[in-house]
Amino acid sequence: MDEEPEPIDRERINLSTRLCAYRTAIAAIDIALWAEKERIPHNWRFKELCEPAITNKPAPAIPYTEELQAAIDAYEAVRGNPEATQGRTPKQALLSWLEENRPNLGAKARDRIATMCNWEPQGGAPATPTGRGSE
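In the working numbering, the protein residues as written are 5 to 139.
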């Protein structure tokens with residue numbers, strides 16, 4: 005089951021839309037991120053959703069290179085934090101995190117890492133935050 009899921013056509017979703025439970029998989033972090041974006045209160049804690057099941061990660065047998073470790077750390081810090089991407093693209097948020105937390109990396113290295121870790125590579129301006137019901 006490694007195939008990409010089909011995108012949801014929002015025009016076809018309504019109150020009577022039924023989902024096929026055995027063919028539908030949604031990660032809790034994705035629901036939490038969506039709820040944050042829509043300003044819907046929820047009880048999920050991002051840190052818990054983003055942490056691996058094993059919190060005491062064993063050290064890798066061979067230490068990661070500085071850039072690889074920076075990429076892993078930046079992705080884990082920014083991906084599960086909606087405040088980090090509020091009003092900016094994921095790449096901008098990653099660059100900001102790297103500048104703050106890995107100042108020893110050069111600008112080109114930070115850009116490479118942010119490009120690689122960007123989960124929305126199609127680009128475009130970030131959505132402008134709006135209040136609920138103001139549409």
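Where a beta carbon is used, it is the ideal one built from N, C-alpha and C, also for glycine.
Nearest neighbour of residue i, chosen from the options [CA to CA]
i: D77; options: A65, L99, T93, N18; result: L99
i: R116; options: A74, A88, Q126, R83; result: A74
i: C121; options: G110, P67, E71; result: E71
i: Y126; options: D13, T93, N105, I33; result: One point to set straight first is that residue 126 is Gln, not Tyr, in the sequence displayed. The residue with the shortest Cα to Cα distance from Q126 is T93.
i: A32; options: N47, S20, P64; result: N47
i: A36; options: G110, P86, A118; result: P86
i: E104; options: P67, G91, V82, W123; result: V82
Which of helix, strand or coil DSSP assigns to residue i
i: I58; result: Low confidence applies here, because I58 scores a pLDDT of 47, under 50, leaving its location unreliable; read the following figure in that light. Of the three classes helix, strand and coil, the one that applies to I58 here is coil, per DSSP.
i: I76; result: helix
i: L109; result: coil
i: P94; result: helix
i: P86; result: helix
i: I66; result: coil
i: A29; result: coil
i: I17; result: coil
i: E139; result: In this prediction, E139 scores a pLDDT of 49, lower than 50, which makes its location untrustworthy; no coordinate-derived value is stated.
i: N122; result: coil
The alpha helix (DSSP H) enclosing residue i, as first and last residue numbers
i: D34; result: 32–41
Residue i Cβ short of 7 Å to the ligand SAM heavy atom set
i: R116; result: Looking at this structure, you won't find the ligand SAM or any other ligand, since it has none at all.
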